[in-house]
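Chains as they are written, first to last, in my numbering: chain S, 1 to 478; chain G, 479 to 989.
Yeah, the Cβ is synthetic: ideal placement off N, Cα and C, and Gly gets one too.
Remember, predicted model here, so these are calculated numbers, not experimental data.
Input: a single structure, listed below in structure tokens.
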């Protein structure tokens with residue numbers, strides 16, 4: 001009995017968040033629209049407490065729960081902390097967006113919290129089945145969120161597309177997991193790992209299982225050639241939801257990759273490495289080249305996401321601890337930059353005007369030099385120009401790749417980055433060199449502007465001093 | 479007096495902080511913003527005085543060194559230090575920024591605070607490039623520099639500015655990312671995560687095989703060749719120079735081109751000496767094409783700024799020729815190779831500093847005319863000397879320096895490089911020396927068409943001569959041009975030990 005209490009204590013953050021999500025769900029029913037802010041602040045408070053629980057209350061050492069199907073390790077702590085912080089900012093941005101459109105409902109936060117719970121479970125899962133449960137909890141919440149604006153035909157279409165393709169991907173993943181189970185007879189990650197090491201690479205069913213798992217994972221992350229849903233969903237969903245989908249779930253996706261490929265199927269490294277090389281090159285190529293042709297900023301950021309996912313996968317494919325920590329660093333940095341990019345769209349938008357066309361950014365420097373500068377930071381960071389943090393993320397991944405001896409892959413990656421730089425530069429060109437089309441004042445609340453500014457300064461600050469975050473990422477994987 | 483002060487950090491960060499202050503003062507307090515910008519620029523200039531006075535020109539070791547761990551997981555240090563090669567370029571940078579701020583004082587009407595701030599931030603980053611001793615730190619300054627320049631050309635540039643600035647950015651970005659891969663490769667060769675190092679001085683002693691050197695050299699050649707720029711990757715320069723505002727052209731020509739030359743000195747020559755020797759024929763061929771062919775191209779220009787831009791490329795051809803010519807000697811087995819190398823490198827350095835002064839002055843002269851007439855077409859002018867005699871005197875002086883007339887700074891560097899090329903091959907020297915004819919041809923012809931003759935139209939007739947502000951800027955540059963031409967010894971003294979050490983290093987090779 002005592003033992004299981006100890007085990008449960010490892011899940012304290014998850015249990016607390018679940019309880020809060022249910023509480024907010026019920027409480028919100030009794031709140032009038034005027035008091036909706038209570039829901040918002042309660043949600044933020046839950047995230048804050050969960051952050052505290054994750055960081056402070058849990059033991060430093062690695063610990064397991066439920067017969068080693070749930071793990072608490074340094075990697076999970078760092079990734080969860082990043083997820084909470086990113087999502088807290090997402091809620092700040094979303095509140096303004098939803099409020100302006102009379103869509104400010106408690107369900108958004110409740111669904112968001114459940115999605116966070118799903119991500120936490122993905123990050124901490126130490127059994128393939130638990131991992132799948134976390135993924136589904138996240139995905140189902142996201143499907144509902146995409147359709148949040150039920151009057152919008154475009155959003156409904158996006159939700160439908162997302163749901164069908166997402167379900168297909170989940171099916172693939174589950175099918176792959178079942179094959180792995182069929183060969184090894186295990187679902188727990190350490191057990192699978194041991195069994196796979198014993199069976200070796202020659203087992204054809206195992207390799208097939210890996211293929212299906214890989215397809216499922218690539219779908220979820222949006223790597224080419226499984227990326228078709230990404231631009232449509234990004235564009236169709238309300239910006240507040242795109243913001244959600246585009247940021248923290250990629251961090252959870254990175255964790256999922258790590259748990260499945262590295263922790264469970266490490267013995268098949270040569271196989272998944274070869275598959276990842278193809279995914280990486282295609283993602284970098286398609287992501288960077290197609291983005292040039294976009295006129296919609298959300299769509300452009302969708303393709304840019306695809307290119308960034310290529311970089312994250314490139315870190316994983318090195319198969320070295322350096323590469324994993326580089327990929328981890330990259331995914332956190334990516335979430336931070338994307339958060340800012342979508343935050344800027346929300347900043348400029350108002351009811352009836354989405355500000356998601358590239359042209360809507362024209363002449364921003366005349367309207368608001370400060371926020372034009374923030375966007376400049378985000379764009380140059382995504383392009384990987386120093387001294388912004390995006391550069392250090394690319395540097396970390398590239399050095400891991402070169403260290404593994406794949407200099408050619410590094411060269412390919414940087415060449416595509418140059419192509420990618422073009423479309424980020426175009427935004428800066430619109431903001432700084434073109435005359436303004438919109439003359440409206442930016443009418444967002446002070447706290448919104450504060451969070452967005454903090455976001456931009458974080459990208460700059462981590463760029464000037466990336467050592468700390470990088471050291472955390474390395475420490476998390478030792 | 480200034481011992482113990484982190485002088486280099488101050489030089490880098492003071493203007494950047496100044497830029498932020500100027501931005502904060504904003505467009506509404508224009509005069510305050512401008513004054514603050516001038517104040518910071520001048521303050522930085524004063525900082526150069528202890529830098530020069532305390533500089534010990536008897537040693538080749540790095541001085542004013544600062545070294546703190548920065549990104550410990552990758553062994554990256556905030557490592558600054560200068561030798562005799564970097565010092566003159568830093569002083570040049572600081573001086574040019576003051577001139578640019580003064581030159582833009584009344585001319586810039588749009589977003590003045592942002593204009594001044596961009597140049598201040600640019601100054602800090604450029605000094606960072608010259609002072610960085612960690613290759614990643616160098617790379618960060620090297621790349622970050624593109625951001626303010628991109629904005630400068632794009633906001634305050636001419637009609638075709640967007641095309642020009644995108645081309646400028648992408649060209650330079652493409653050149654440098656491959657260098658980044660080369661740097662990472664050398665880091666991984668030097669031990670990677672277990673004690674590897676990004677320090678430039680460690681790279682100098684890193685053993686690299688011939689094949690490795692070959693590829694790394696190509697990466698450097700692309701990165702710095704684009705910056706210099708060498709033929710055939712020079713095409714961004716005429717566009718960028720022509721479209722940039724006067725201040726932007728001045729900084730581009732006077733400093734950023736030098737960063738290419740400096741990169742060769744700091745990276746390519748000492749890190750990949752054997753590959754440099756192996757590929758020297760190509761580099762010299764490209765340099766001579768720049769000198770001769772681009773000289774002819776300059777002759778055909780109708781736009782004043784374009785003409786000066788092409789003449790910059792031709793002059794920078796001299797720099798790359800001087801840097802590499804020693805290897806051609808070594809392969810021909812001439813005994814005093816190192817003497818030639820010394821001459822060539824020093825010639826290249828003098829040429830860089832001199833070109834910094836001369837090209838800046840030429841662009842400022844065009845700027846003076848452009849501010850009055852809003853035209854860069856040579857055919858719109860004629861007989862300017864009648865209405866602007868003082869200005870004409872300056873322009874004649876700078877044009878003579880541009881053509882390499884003895885007694886001006888332009889002559890010293892070119893003469894040294896030609897002398898060095900004679901040791902290598904008569905034809906190298908012969909082709910290089912054609913510049914004395916071509917350069918004279920295009921500059922004198924420019925003078926004839928713009929300054930002399932009858933007053934071409936009534937707009938020229940209505941021109942006002944330069945005011946005190948413009949006189950001050952041009953006068954200062956004229957002093958520099960003549961001083962360097964008559965008495966270049968202080969400059970040579972400062973860099974002597976550093977260049978000597980570089981020569982031994984690069985001629986020894988690594989194989």
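Take the alpha-carbon of residue 632 of chain G and the one of residue 96 of chain S: they are about 33 Å apart. Taking a Cβ-Cβ threshold of 8 Å, the residues of chain S close to residue 548 of chain G are 465 and 467, in chain order. Beta-bridge pairing by DSSP links residue 781 of chain G to G:855.
Residue pairing by DSSP puts residue 296 of chain S in a beta bridge opposite S:357. In the DSSP annotation of this structure, the continuous segment of the beta strand (DSSP E) that includes residue 70 of chain S starts and ends at 70–72. Where residue 241 of chain S is concerned, the enclosing alpha helix (DSSP H) starts and stops at 239–246. DSSP places residue 742 of chain G outside any beta strand (DSSP E), giving it a letter other than H or E.
Looking at the DSSP output, residue 545 of chain G bridges to G:557. Here residue 24 of chain S has 39, 42, 43, 46, 106, 109, 110 and 113 as same chain residues with Cβ atoms under 8 Å from its own Cβ, once five neighbours each way along the sequence are excluded.
Ranking G:667, G:724 and G:681 by CA distance to the CA of residue 627 of chain G puts G:724 first.
Among the residues of chain S, those whose CB is under 8 Å from the CB of residue 671 of chain G are 322 and 403, following chain order. Distance from residue 738 of chain G to residue 829 of chain G at the Cβ level is roughly 13 Å; contact not present, criterion being Cβ atoms closer than 8 Å. Closer than 8 Å to the CB of residue 639 of chain G there is at least one CB belonging to chain S. Runs of alpha helix (DSSP H) with 4 or more residues, each lying fully within the segment 247–285 of chain S, are found at 248–257, listed in chain order.
For residue 898 of chain G, the enclosing alpha helix (DSSP H) stretches over residues 887–902. Contacts between residue 345 of chain S and chain G, judged by CB atoms closer than 8 Å, are missing: the closest CB pair is about 22 Å apart. The C-beta of residue 593 of chain G comes no closer than 8 Å to any C-beta of chain S. Taking all protein chains shown into account, residue 127 of chain S has 16 or more neighbouring C-beta atoms within 10 Å of its C-beta and is therefore buried. In the three-state reduction of the DSSP assignment, residue 148 of chain S falls in the coil class. DSSP, read as helix, strand or coil, puts residue 125 of chain S in strand. Of the other Cβ atoms in all chains shown, fewer than 16 fall within 10 Å of the Cβ of residue 957 of chain G; this residue is therefore exposed. Per DSSP, the unbroken beta strand (DSSP E) holding residue 64 of chain S starts and ends at 63–65. Note that the segment 672–689 of chain G does not touch the segment 633–644 of chain G; fewer than 3 beta-carbon pairs, one per stretch, sit closer than 8 Å.
Within 10 angstroms of the beta-carbon of residue 212 of chain S lie 16 or more other beta-carbons, which makes it buried. Here residue 610 of chain G carries a strand assignment [DSSP, helix/strand/coil]. Contact between the segment 416–426 of chain S and the segment 373–392 of chain S is present: three or more C-beta pairs spanning the two stretches fall below 8 Å. For residue 632 of chain G, a Cβ of chain S is located within less than 8 Å of the residue's own Cβ. Two segments are said to touch when three or more pairs of C-beta atoms, one from each, lie closer than 8 Å; by this definition the segment 334–343 of chain S does not touch the segment 274–293 of chain S. Under the Cβ distance rule, residue 601 of chain G does not count among the residues neighbouring chain S, no pair being separated by less than 8 Å. Taking a contact as a CB-CB distance under 8 Å, the pair residue 750 of chain G and residue 695 of chain G counts as one, their CB atoms being some 4 Å apart. DSSP places residue 392 of chain S inside the alpha helix (DSSP H), whose first and last residues are 389–403. Using a Cβ-Cβ distance cut-off of 8 Å, the segment 893–904 of chain G and the segment 919–931 of chain G are not in contact, since fewer than three pairs of beta carbons, one from each stretch, lie closer than that value.
Closer than 8 Å to the CB of residue 551 of chain G there is at least one CB belonging to chain S. The C-beta of residue 498 of chain G comes no closer than 8 Å to any C-beta of chain S. If only complete runs of 4 or more residues are kept, the segment 699–773 of chain G shows the alpha helix (DSSP H) at 714–721, 724–729, 735–741 and 751–756, in order along the chain.
Any Cβ of chain S closer than 8 Å to the Cβ of residue 655 of chain G would place that residue at the interface, and such an atom is present.
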